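Numbering (the working numbering), first residue to last: 30 to 317. No residue lacks a Cβ here, since even glycine has one placed at the ideal position from N, Cα and C. All values derive from a computational prediction rather than experimental measurement. To start, the structure itself, in structure tokens.
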């Protein structure tokens, strides 16, 4: 009986090997999916680096990351659809879902966060790099940027509406949210939130220069709302609230010149200094 049982077990084991052996072999992929490709390219994820031709030293991690890239070099895309439309742009780094999604030929961009630098595209007809040298850290930071250069946005929706403005720095949630102009610096949540066409402003503090408007709608050669400096929470908060933002104001201190609307050339130093001023020009106040 023992001999019969042993023979049955041996036969069953033989059948198992015969059944599973070919099945396991059939599922093997040759070569193994290690993500390594010629010219130092690395791709992991469905259709990652799908269109690659002569590009070198690219890394794509995520579904359709760097999907359209063909000749672009030294790009790193981490996240589903990161740098999805990049073709020849080089030295870009995109981390997050849809980061740098629309970039085609722009170079030297860094985007970290879902939808960061989503609309950034590429170069202009005169071959001057456009949409290059931008840094975005935060969900939807620099979301609408297309051809703007040398912008830095750190925070949720920082510089969200910026399309072609250049040389802006926004640090804080929705800082410079509506900006379309250049050479502005905003540090703090909502700082320079409403700024549209005004340039050369510096806002440091929560809601500093929040309502600042752009150029005079009457066509004045001197742009209203430009060259203001606000340091402190809500400093110059309502400057330009009526749509005719004033220029050349300096406010240092919490709520300094917070009610100023169209007054120009004012200087206020101290918490609440010139807080009630609305349209008076060329005032100087030091202290509370």
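Contacting residues, own chain, Cβ-Cβ under 6 Å from residue i (five flanking each side not counted)
i	result
residue 311	294
residue 185	167, 168, 202
residue 271	290
residue 151	133, 134, 135, 160
residue 76	93, 96
residue 280	259, 264, 265, 286, 297
residue 177	191, 193, 194, 195
residue 309	292
residue 139	122, 164
residue 314	297, 302, 303
residue 307	288, 290
residue 137	120, 161, 162
residue 113	93, 96, 130
residue 101	84, 115, 117, 118, 119
Residues of its chain near residue i, where Cβ-Cβ distance is below 8 Å and the 5 sequence neighbours each way are ignored
i	result
residue 173	147, 148, 189, 190, 191, 192
residue 99	80, 81, 82, 83, 84, 116, 117
residue 238	215, 220, 221, 224, 230, 232, 257, 259, 264, 265, 266, 268
residue 157	Its pLDDT being 35, under 50, residue 157 is placed unreliably by the model, and the measurement read from it follows with that caveat. Around residue 157: no qualifying Cβ.
residue 125	107, 108, 111, 140, 141, 142, 143, 144, 145, 168
Nearest-angstrom beta carbon gap, residue j and residue i [assumed within contact, 8 Å]
i	j	result
residue 162	residue 179	5 Å
residue 205	residue 224	6 Å
residue 217	residue 234	5 Å
residue 109	residue 92	5 Å
residue 323	residue 288	Outside the displayed range of the chain (30 to 317) lies residue 323, so it cannot be described from this structure.
residue 227	residue 241	6 Å
residue 243	residue 292	Contact flag wrong, Cβ pair sits at about 17 Å.
residue 187	residue 170	5 Å
Which of helix, strand or coil DSSP assigns to residue i
i	result
residue 315	strand
residue 193	coil
residue 293	coil
residue 279	strand
residue 66	strand
residue 225	coil
residue 120	coil
residue 73	strand
residue 220	coil
residue 90	strand
residue 233	strand
residue 176	coil
residue 209	coil
residue 307	coil
residue 150	coil
residue 136	coil
residue 298	strand
residue 106	strand
residue 97	coil
residue 215	strand
Burial state of residue i, where buried means 16 or more other Cβ atoms lie within 10 Å
i	result
residue 53	Reliability of the predicted coordinates at residue 53 is poor, the pLDDT of 37 falling under 50, and no value is obtained from them.
residue 104	buried
residue 262	buried
residue 257	buried
residue 181	buried
residue 316	exposed
residue 62	Caution applies to residue 62, whose pLDDT of 43 falls short of 50 and renders its modelled position unreliable; the value that the coordinates give is listed next. By the 10 Å Cβ count, residue 62 comes out exposed.
residue 74	buried
residue 70	buried
residue 305	exposed
residue 65	exposed
residue 197	buried
residue 68	exposed
Run of the beta strand (DSSP E) containing residue i, from where it starts to where it stops
i	result
residue 141	139-141
residue 166	164-166
residue 199	198-200
residue 182	181-183
residue 258	258-260
beta-carbon residue i near the ligand SAH non-hydrogen atom, thresh 7 Å
i	result
residue 307	Absence of the ligand SAH from the depicted structure is noted, as is the absence of any ligand whatsoever, leaving it without description.
7 Å CB neighbourhood of residue i in its chain, flanking five on each side removed
i	result
residue 175	148, 149, 150, 160, 192, 193
residue 154	Annotation note: pLDDT 37 at residue 154 (below 50); position unreliable, no value reported.
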